[in-house]
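Chains as they are written, first to last, in my numbering: chain A, 1 to 114; chain B, 115 to 288.
All residues carry an ideal CB built from backbone N, CA and C; glycine is no exception.
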Amino acid sequence: MSFFACDPREVQRVKDALQYNDVNLGVGIVHEPTGQIRLSPFDDLPRRGGHVELADALGLPLAECKGFIIARQGDSFMPVNMSHLNGPQGQPGSLQMPAATFAGVVRALLGAGL
Amino acid sequence: MNPPLATEQRDRLHHLLTQMAGRLDGAVDFWTTVCLSPALPGRRAFLTANVEGLRGLVAETRGMLSASAPLADPLAVLAARCEDLGNAFLTLGRFESLAPDELRRTTTAIAEVYRDLRSALLEVGRAAGVPLSYWEGQRAQREEYYRGILERLYGLCVGLTDSEKVTDTAARTR
Chain A
1 MSFFACDPRE VQRVKDALQY NDVNLGVGIV HEPTGQIRLS PFDDLPRRGG
51 HVELADALGL PLAECKGFII ARQGDSFMPV NMSHLNGPQG QPGSLQMPAA
101 TFAGVVRALL GAGL
Chain B
115 MNPPLATEQR DRLHHLLTQM AGRLDGAVDF WTTVCLSPAL PGRRAFLTAN
165 VEGLRGLVAE TRGMLSASAP LADPLAVLAA RCEDLGNAFL TLGRFESLAP
215 DELRRTTTAI AEVYRDLRSA LLEVGRAAGV PLSYWEGQRA QREEYYRGIL
265 ERLYGLCVGL TDSEKVTDTA ARTR
């Protein structure tokens, strides 16, 4: 999957949440079969369950998802390639998705207004 | 003995127990990721805020239930191990500066505290007559996911102490 898509409204929601509360973080997952990127502010997840809770809430199998975090630093927003979803087949292992995949995710996020 | 809880209190207690269970799993999945991301700004502040949130849920639970038998022990474990969890994560949040033996102790402590808190939450629910259903439907695959993170945590930390790997994880947007 070389193309990723992200809803600008989800990007804006994360940016707003991180502007409002600077100890909040953005939780991001990419569903590899469809290329769809989904985001949520961490504090908006009812059980603060992170990547797993976001994937579960969307009905996405963990084995089909990669994960990342979005942080705010000053006026900038920074995607960070770290998640336990990034291990092989959703199992813990490597915390980083392949660099080419992450680069595609970052391009999509930027295109959606991050 | 504890007096029976009113329906509203039972609902609130079930909500509190479910919240704590979810946050406990979230700590394994997400707090560990934050800890292992030195490039992440505000890492310690995030951990402190979320430890405080969990502590608040524990305090509300203790305030709702009188600490007499059979709740005294699991409530005491819940409170004590919540503190241990917070301390262990705040230590893990500076994993790159820890000596190997301290890092090993910290990752072992997180696994033990997770197990103890999970047991304490189930026991509080049972003793209060409000069984916690959060983990009931969880599939073996998900159990293995969390167990795998805890088992591999030390190795993940060691692997990430290579600074090149650490700095490559972030992409600035402006």
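1. Assign B/V272 to one of three DSSP states: helix, strand, or coil.
2. Tell me whether the beta-carbon of A/V106 lies closer than 8 angstroms to the beta-carbon of B/S151.
3. Can you check which of these residues, A/L95, A/S76 and A/L60, is closest to A/L110 by C-alpha distance?
4. Please report how far the alpha carbon of A/V30 lies from the alpha carbon of A/G67, in whole angstroms.
5. Can you pull the chain A residues whose beta carbon is under 7 angstroms from the beta carbon of B/S151, in chain order?
6. Check whether the Cβ atoms of A/D44 and A/A71 lie closer than 8 angstroms to each other.
7. Considering Cα atoms alone, identify which of A/G50, A/I69, A/S40 and A/Q96 is closest to A/Q12.
8. Below 7 angstroms between beta carbons is the criterion; list the residues of the stretch 118 to 135 of chain B that meet it against any residue of chain A, in chain order.
9. List the DSSP bridge partners of A/Q73.
10. Between B/R232 and the rest of its own chain, which residues show a CB-CB distance below 8 angstroms, the 5 nearest in sequence each way excluded?
11. Could you tell me the alpha carbon to alpha carbon distance between B/L267 and B/A120, rounded to whole angstroms?
12. Short of 9 angstroms Cβ to Cβ, which residues in the stretch 208 to 232 of chain B face chain A?
13. Quick check: B/L80 and B/I224, are their CB atoms within less than 8 angstroms of each other?
14. On the three-state DSSP scale, how would you describe B/L236?
15. Around the C-beta of A/R9, are 16 or more other C-beta atoms found within 10 angstroms, so that it is buried, or is it exposed?
16. What's the C-alpha gap between B/Y259 and B/D187?
17. Taking 8 angstroms as the threshold (beta carbon to beta carbon), is A/Q89 in contact with chain B?
18. Output, in chain order, the set of chain A residues within a Cβ distance shorter than 9 angstroms of B/R137.
19. Determine whether the beta carbon atoms of B/V227 and B/A190 lie at a separation below 8 angstroms.
20. Taking Cβ positions, are B/H128 and B/V244 nearer each other than 8 angstroms?
21. Which of helix, strand or coil does DSSP assign to A/G49?
22. Which residues in chain A sit within 9 angstroms of B/F203, going by Cβ to Cβ distance?
23. Measure the alpha-carbon distance for A/D46 versus A/L85 and round it to whole angstroms.
24. Determine the contact status of A/L60 and A/F42, defining contact as a CB-CB distance below 8 angstroms.
25. Quick one: which residues of the stretch 11 to 27 of chain A get their C-beta closer than 9 angstroms to a C-beta of chain B? List them in chain order.
26. Buried or exposed: B/S180, going by 16 or more other Cβ atoms within 10 Å of its Cβ?
27. Could you tell me the distance, in whole angstroms, from the CA atom of A/M78 to the CA atom of B/R158?
28. Please look up how many angstroms separate the CB atoms of B/M178 and B/Q133, rounded, as I've assumed it's under 8 angstroms.
To lay it out plainly:
1. In the three-state reduction of the DSSP assignment, B/V272 falls in the helix class, which pools H, G and I.
2. No; because the gap between Cβ atoms is not below 8 angstroms, this pair is not in contact.
3. Restricting attention to A/L95, A/S76 and A/L60, the CA atom closest to the CA of A/L110 is found in A/S76.
4. Roughly 6 angstroms separates the two Cα atoms.
5. Within 7 angstroms Cβ-Cβ: I69, V80 and M82.
6. Going by C-beta atoms, A/D44 is not nearer than 8 angstroms to A/A71.
7. Out of A/G50, A/I69, A/S40 and A/Q96, A/S40 has the C-alpha closest to the C-alpha of A/Q12.
8. So the list reads Q133, given in the order they occur along the chain.
9. A/Q73 is bridged to A/S76.
10. When the five nearest sequence neighbours on each side are left out, the beta carbons in the same chain lying within less than 8 angstroms of the beta carbon of B/R232 are those of A135, L138 and W249, in order along the chain.
11. Each residue's alpha carbon lies about 42 angstroms from the other.
12. Hits within the stretch: zero.
13. Nothing in the structure corresponds to residue 80 of chain B, since chain B is present only between 115 and 288.
14. Note: B/L236 maps to helix in three-state DSSP.
15. Looking at its Cβ environment, which holds fewer than 16 other Cβ atoms inside 10 Å, A/R9 is exposed.
16. Computed Cα separation, rounded: 29 angstroms.
17. For A/Q89, the predicted model reports a pLDDT of 44, less than 50, meaning its position is unreliable and no value from the coordinates is stated.
18. Under the 9 angstroms cutoff, chain A gives R47, R48 and G49.
19. No, these two residues do not count as a Cβ contact at 8 angstroms.
20. Yes. Within cutoff.
21. In this structure, A/G49 counts as coil in the three-state DSSP scheme.
22. Against B/F203, chain A offers no close residue; the least beta-carbon distance is about 13 angstroms (beta-carbon pairs closer than 9 angstroms).
23. For clarity, residue 46 of chain A is Pro in the given sequence; the question names Asp instead. Computed Cα separation, rounded: 20 angstroms.
24. No, the pair does not count as a contact, with Cβ atoms beyond the cut-off.
25. Along the stretch 11 to 27 of chain A, going in chain order, the ones with a CB nearer than 9 angstroms to a CB of chain B are N21, D22, V23, N24, L25 and V27.
26. Result: exposed.
27. Those two C-alpha atoms are separated by around 17 angstroms.
28. Not confirmed; about 13 angstroms, so no contact.
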